[in-house]
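Residue numbers (the UniProt record's numbering): 1 to 448. C-beta: ideal position from N, C-alpha, C; glycine also. Here the structure is a predicted model, which is why all the values come from computation and not from measurement. Worksheet for the structure shown next.
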């Protein structure tokens, strides 16, 4: 893994290929356990008709506790809510804001155990989660609770669960996973109230097909130089639909910050403000690093090797959030600090139904210009005739101005103009423009 990462090689898997199958299987176990379907089926196959022996319990109007709000846990929560259940959840890594977006009440584990009529476990198995639902936890549950584990074996203490069912405290259970697999002998297998399956959560034709499709899509994204969310050697995690449109804009902000810096910055800060701050945005830090290094080095820069390039060159990078954004629903600021303490700040946002990319701030000066194409940025002494000189020199060189915006300094005679052009500016023309308008700084940046 380390060798692949150092060489910029992506290592991918297909972690989301089976999430729908796994979520549906958890629901199948919950429904089967709540209505005693396997026991009733077996009874009827023995040619007996015992309706009164298989009375079930409804999900409608009940409280369902989801332990673990990862991708599968969220799918289970969404689907069980359609039955008319009230969904609560325990997950220390999910923010209350995110839970509110999902329409779920976050609780402590003890509170969830005490309130839930049904409990479905959806956690990874770690030293902290192994045996989480043990004898003590089961004692805290409501009498008559139904428990489902279709996540990982060992999260639920199987012996303790069997005792709780035999003692009448737990009404029923559904398990697809076991502490030791293959498992062909368990006290749970002797209990008619328990529905068991041999780790079938991912066993659907669709999940298997999707695994191949997902890997092929990862290859396509990698070859196109785009972010690959299923790369196991790239940080950033899964990119949801709210964050994905910002990746390219933040890359361009990184490019812009790199071009405007006199030297490679020693630190890069990405601040996410507004509604976007409620999302998981770590990947935007990688996107800004990718843009920064693509502006200053010739080697190919990817989401894989950008962090390694930063470490090699002593560049630290952080991401921070703020809920306030007075002028935009969401905005991203990129701040680059040089070794001499010099600071470059740039900001951008997405607007309109097409989520067009816009530059809204450069070094404290406000703009409103699309982030695309070849851009000429000039910080110069603002005096009569300066704009005319710039236009004349560009026109004489056959360079067309497609869009322009001027922002004056709050204090002093300086101004910054941002020009979007139809082509690059020759070096001699850049020199002539800088001399003609007494430019403090003149840079050309490609935001394509």
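Contact test: residue i Cβ vs the ligand FMN heavy atom, cutoff 7 Å
| i | result |
| --- | --- |
| residue 99 | Only the bare structure without any ligand can be found here, which leaves the ligand FMN out of the picture. |
Bridge partners - residue i, DSSP secondary structure assignment
| i | result |
| --- | --- |
| residue 446 | 374 |
| residue 365 | 362 |
| residue 316 | 267 |
| residue 333 | 271 and 347 |
| residue 118 | 64 and 146 |
| residue 379 | 416 and 441 |
| residue 231 | 12 |
| residue 106 | 89 |
| residue 357 | 350 |
Buried or exposed (CB count within 10 angstroms, at least 16 for buried), residue i
| i | result |
| --- | --- |
| residue 419 | buried |
| residue 333 | buried |
| residue 241 | exposed |
| residue 113 | buried |
| residue 402 | exposed |
| residue 345 | buried |
| residue 367 | buried |
| residue 13 | exposed |
| residue 219 | exposed |
| residue 90 | buried |
| residue 188 | buried |
| residue 45 | exposed |
| residue 230 | buried |
Boundaries (first-last residue) of the beta strand (DSSP E) holding residue i
| i | result |
| --- | --- |
| residue 297 | Per DSSP, residue 297 belongs to no beta strand (DSSP E) and is neither H nor E. |
| residue 339 | Taken as a continuous stretch (DSSP letters only), residue 339 belongs to no beta strand (DSSP E), as it is neither H nor E. |
| residue 172 | 170 to 175 |
| residue 420 | 414 to 421 |
| residue 401 | 401 to 408 |
| residue 82 | It is not in any beta strand (DSSP E) - residue 82 carries neither H nor E in the DSSP assignment. |
| residue 196 | 194 to 196 |
Inter-residue spacing [alpha-carbon to alpha-carbon] between residue i and residue j
| i | j | result |
| --- | --- | --- |
| residue 109 | residue 246 | 35 Å |
| residue 335 | residue 260 | 11 Å |
| residue 337 | residue 267 | 5 Å |
| residue 103 | residue 244 | 23 Å |
| residue 196 | residue 175 | 5 Å |
| residue 323 | residue 275 | 7 Å |
| residue 84 | residue 105 | 15 Å |
| residue 135 | residue 163 | 9 Å |
| residue 390 | residue 207 | 60 Å |
| residue 131 | residue 140 | 15 Å |
| residue 233 | residue 438 | 48 Å |
| residue 122 | residue 178 | 14 Å |
| residue 282 | residue 416 | 32 Å |
| residue 363 | residue 116 | 53 Å |
| residue 315 | residue 82 | 48 Å |
| residue 50 | residue 43 | 8 Å |
| residue 292 | residue 92 | 34 Å |
| residue 170 | residue 153 | 19 Å |
Residue j beta carbon less than 8 Å from that of residue i
| i | j | result |
| --- | --- | --- |
| residue 394 | residue 429 | yes |
| residue 421 | residue 387 | no |
| residue 146 | residue 53 | no |
| residue 353 | residue 397 | no |
| residue 63 | residue 86 | yes |
| residue 371 | residue 348 | yes |
| residue 285 | residue 301 | no |
| residue 191 | residue 160 | no |
| residue 76 | residue 26 | yes |
| residue 256 | residue 313 | no |
| residue 373 | residue 447 | yes |
| residue 424 | residue 357 | no |
| residue 254 | residue 287 | yes |
| residue 225 | residue 151 | no |
| residue 186 | residue 158 | yes |
| residue 325 | residue 273 | yes |
| residue 228 | residue 303 | yes |
| residue 65 | residue 88 | yes |
| residue 72 | residue 23 | yes |
| residue 342 | residue 262 | yes |
| residue 30 | residue 118 | yes |
is_contact[residue i, chain C] using C-beta, thresh 8 Å
| i | result |
| --- | --- |
| residue 64 | Going by chain labels, chain C is absent from the structure shown, which holds only one protein chain. |
First through last residue of the alpha helix (DSSP H) which encompasses residue i
| i | result |
| --- | --- |
| residue 243 | Where residue 243 is concerned, there is no enclosing alpha helix (DSSP H), given that its DSSP letter is neither H nor E. |
| residue 219 | 205 to 223 |
| residue 429 | 427 to 436 |
| residue 158 | 158 to 166 |
| residue 30 | 19 to 34 |
| residue 38 | 37 to 45 |
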